[in-house]
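Just so you know, we're using the UniProt record's numbering here: the sequence shown kicks off at 1 and counts up by one. We treat Cβ as the ideally placed atom computed from N, Cα and C, and that holds for glycine. All values reported here derive from a predicted model rather than from experimental measurement. Just below is one structure, and these are the notes that go with it.
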Amino acid sequence: MTGQTLNEVLFAGSVTDTSRELQVAIDGGERFNNEGWLDVKHGRLPVAFLGGPLPDVEGKSTGGYVLSLRDLSETRRTEARLHLAAHVFDSLAEAMVITDERGLIQSVNPAFSSITGFRESEALGHSPGELLQSGQHKPEFYAEMWRALHERGNWQGEVINRRKNGELYTEWLSISALRDSDGGAKQYVGLFSDVSARKEAEAFIHHLAYHDPLTGLANRRLFCDRLEMALRQAQRNDRPLAVLMLDLDRFKVVNDTLGHMAGDLLLKEVGLRLQFSVRDCDTLARFGGDEFAILVPEINSPEDALLIGRKLLQALKASLAIAGRELFASTSIGVAIFPEHGVSSEELLRNADVALYAAKHAGRNTMSVFDPQTFESNDDLELEMGLRHAIERNELVLHYQPQIDGESGLVSGVEALVRWQNPALGLVPPGRFIALAEQTSLIEDIGDWCLNEACRQITCWQAEGVAIPRVAVNVSARQLRGEGFAERVMETIRQHGIKPQQLELELTESLLTEDTVHTFEIFKELRAQGIRIAIDDFGTGYSSLKYLADFPVDVLKIDQSFVARLHEQSESLYVVQAIVMLAKGLNIETVAEGVETEDQRAQLLALGTNHLQGYLLARPQAAAALAEIVERFTLLAEAKRNRR
């Protein structure tokens with residue numbers, strides 16, 4: 001490089017701002033301290049320049065110049081990482097807090113201030129416990145947290161804390177210890193998010209799962225849970241208990257004459273009067289419609305239950321002011337006593353129901369105790385025997401109820417509903433024979449028949465050119481847990497030569513919490529093959545939002561009980577709105593069942609429901625009628641598009 005200028009050596013003869021400034025410093029015998037870029041073989045290199053005139057032994061300039069260069073590549077990379085870390089710290093949606101080894105706050109991000117209400121200047125130098133502790137946790141809770149941090153270096157869990165304004169909130173907190181070279185903790189990093197809204201939503205859904213939305217009383221599920229517990233207690237203590245079934249007399253007349261709103265007000269008032277007439281240890285529940293049930297535990301003799309029954313009859317004697325009119329709401333009561341009239345919850349409920357109908361036949365506004373002599377048990381046996389031959393005798397048939405796409409107005413699918421046409425008994429209601437089938441292994445045979453018949457019908461519609469995208473088939477818990485269920489489903493699909501996407505399996509919400517590992521694996525396997533999974537009657541059971549988020553689900557079916565009360569009851573509107581928002585957040589479609597009025601359709605579409613199903617649109621039909629229904633909705637959709 002001898003004989004070359006500094007510009008030629010460093011900048012390959014190119015003139016840059018740095019080369020010009022350096023040359024000026026050299027020519028003027030001045031010091032130079034700057035940063036710039038050098039072009040090197042493999043790219044550009046950031047460099048720090050430091051130079052000055054070269055003095056002789058007497059300190060006078062010799063005319064020479066000395067220049068040193070320092071590679072800044074690693075420094076720039078470090079700065080970039082620090083800048084990125086600072087950006088992430090400030091942009092996190094979760095709150096982050098960094099403390100020293102004593103637990104005193106050194107830094108917090110904006111999300112911390114947003115969640116807690118404390119500015120960074122207010123938090124620095126304080127411990128998180130000093131600022132946020134709510135008093136909701138015992139000292140042992142925090143002792144265990146610190147023990148885990150000291151032993152494992154991390155801890156996570158739910159904590160109830162208090163914001164600056166005094167409001168309590170629930171957070172999901174993760175803490176990690178940053179250790180020095182000796183293994184001691186030098187800092188702690190806490191990351192947390194406010195999960196209060198999720199907890200409130202879970203609590204709301206949990207309440208709905210166990211309580212009647214109209215009266216606020218326990219529902220059938222909570223009643224049955226408490227009955228099972230009371231039976232175990234009664235067996236241990238060898239004491240009787242009673243189940244009372246109540247049904248309002250002539251309630252249908254009120255609904256038909258004054259409307260459903262008046263009927264709802266009457267049910268609420270009756271619920272209040274019944275509540276005042278039972279003991280604190282009793283459970284009063286509304287089973288649906290105008291049917292109530294009361295569990296009477298801890299009685300000394302059957303007479304105690306009869307006393308409560310008489311008190312209930314007396315409580316409803318006084319008139320009620322409903323919709324500006326004076327009404328009377330008498331009731332009939334059926335009573336079953338443990339262990340005299342049954343030792344299981346099923347027996348007691350059934351026998352109390354039998355006694356209730358005996359009271360109705362006795363003239364209403366009265367009470368009847370179950371009498372084994374008047375109960376004919378042959379009905380169920382005959383029904384079961386007939387059901388065992390129903391498949392082989394071709395007595396079962398599928399009807400299909402269309403589901404309509406809320407946006408296009410086209411048929412987006414159909415739900416397959418099984419019917420039993422018994423030669424001797426006539427058309428047997430599904431609720432009657434399905435309940436019986438679920439008590440035996442018959443439900444598995446019926447379920448397999450329904451699946452096979454639905455797939456066969458899909459093939460027929462394809463051949464006829466009937467455009468039905470998919471068919472939903474109901475699956476029972478017993479059927480799902482049967483050995484090789486997923487394999488049987490796929491074999492049926494292959495046998496009929498249809499696409500897996502054309503089949504949707506509907507399962508009840510309770511299955512999400514029953515044997516979750518096994519259920520999850522089945523869901524996962526079926527969806528991997530392309531089969532859609534729908535959760536039926538959503539909102540009537542309780543499933544943690546965690547299960548819903550984790551499970552592979554495509555569709556939530558909003559139960560018709562909520563749809564029916566969109567106008568009369570604001571709670572139902574909030575429930576439907578919450579379900580639709582939840583489904584959208586999880587990328588799940590929604591189907592509203594039981595749509596019977598134009599107002600319901602308009603409200604559901606306004607809330608963002610994806611699909612509608614109900615008598616307003618179409619009743620369940622035989623397969624042969626579907627071609628005409630599909631064509632009708634196609635023409636309506638085209639006419640709607642042309643009007644736009």
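Can you tell me where the beta strand (DSSP E) with residue i in it begins and where it stops?
i	result
V40	F32 to V40
V270	From DSSP, V270 is part of no beta strand (DSSP E) but of the alpha helix (DSSP H) over H260 to S277.
P430	It is not in any beta strand (DSSP E) - P430 instead sits in the alpha helix (DSSP H) that spans P430 to E438.
F292	E291 to V296
V595	Element bounds for V595: n/a, residue is neither H nor E.
L556	V555 to I558
T492	Careful: T492 lies outside any beta strand (DSSP E), inside the alpha helix (DSSP H) at F485 to H496.
L284	T283 to G288
Can you tell me which of the three DSSP states residue i falls into?
i	result
E376	Its pLDDT being 48, under 50, E376 is placed unreliably in this model, and the value from its coordinates should be taken loosely. Three-state result, E376: coil.
H611	strand
I533	strand
R81	helix
F251	helix
S345	helix
F328	coil
A390	helix
I105	strand
K524	helix
E504	strand
M100	One point to set straight first is that residue 100 is Asp, not Met, in the sequence displayed. D100: strand per DSSP, three-state reduction.
S176	strand
D17	helix
N161	strand
N474	strand
E120	helix
S73	helix
A564	helix
S368	strand
A321	strand
G334	strand
G64	strand
V24	helix
G166	coil
G51	strand
E94	coil
E571	helix
Taking residue i and residue j to be in contact with their CB atoms under 8 Å, please state how far apart those CB atoms are, rounded to whole angstroms.
i	j	result
V24	W37	That pair is no contact at about 18 Å.
G52	R31	4 Å
K164	T99	At roughly 18 Å, the Cβ-Cβ gap does not stay under 8 Å, so K164 and T99 are not in contact.
A463	A416	So it is not a contact: roughly 18 Å between Cβ atoms.
Q600	V563	6 Å
L327	L266	6 Å
I531	P500	5 Å
V576	L566	7 Å
S134	I160	5 Å
A592	T609	5 Å
V630	L616	Not quite, the Cβ-Cβ distance comes to about 17 Å (not below 8 Å), so this is no contact.
I404	F112	Incorrect: roughly 48 Å between the Cβ atoms, too far for contact.
A534	L505	7 Å
D537	T508	6 Å
Over the uninterrupted alpha helix (DSSP H) stretch that includes residue i, give me the two end residues.
i	result
residue 645	Nothing can be reported for residue 645, as the shown portion of the chain is limited to 1 through 644.
D304	P302 to A315
N642	L626 to R643
residue 646	Here the chain comprises residues numbered 1 to 644, so residue 646 is not present and cannot be evaluated.
A143	P139 to R152
S181	Per DSSP, S181 belongs to no alpha helix (DSSP H) and is neither H nor E.
L131	P128 to L132
Taking one C-beta from the region 147–158 and one from the region 166–179 each time, how about it: are there three or more such pairs within less than 8 Å?
yes
Please confirm if the region 445–453 is in contact with the region 469–488, defined as three or more CB-CB distances below 8 Å between the two stretches.
yes
Inside the region 185–239 only - beta strand (DSSP E) runs reaching at least 3 residues
Here the runs fully enclosed are 185–194.
Does the pairing of the region 195–212 with the region 117–132 give three or more beta-carbon distances under 8 Å?
no
Across the region 326–338 and the region 365–372, are there enough close Cβ pairs to call them in contact, namely three or more that are closer than 8 Å?
yes
Within the region 393–467, note down every full alpha helix (DSSP H) run reaching 4 residues or more, in order along the chain.
430–438 and 442–464
Using 8 Å as the cut-off, can you tell me whether the region 290–298 makes contact with the region 219–233, which would need three or more C-beta pairs spanning the two stretches below that distance?
yes
Within the chosen definition, does the region 349–362 reach the region 259–269 through at least 3 CB pairs nearer than 8 Å?
no
Is the region 298–310 close to the region 227–246, with three or more CB pairs under 8 Å?
yes
Report yes or no: do the region 418–433 and the region 480–495 share at least 3 C-beta pairs separated by less than 8 Å?
no
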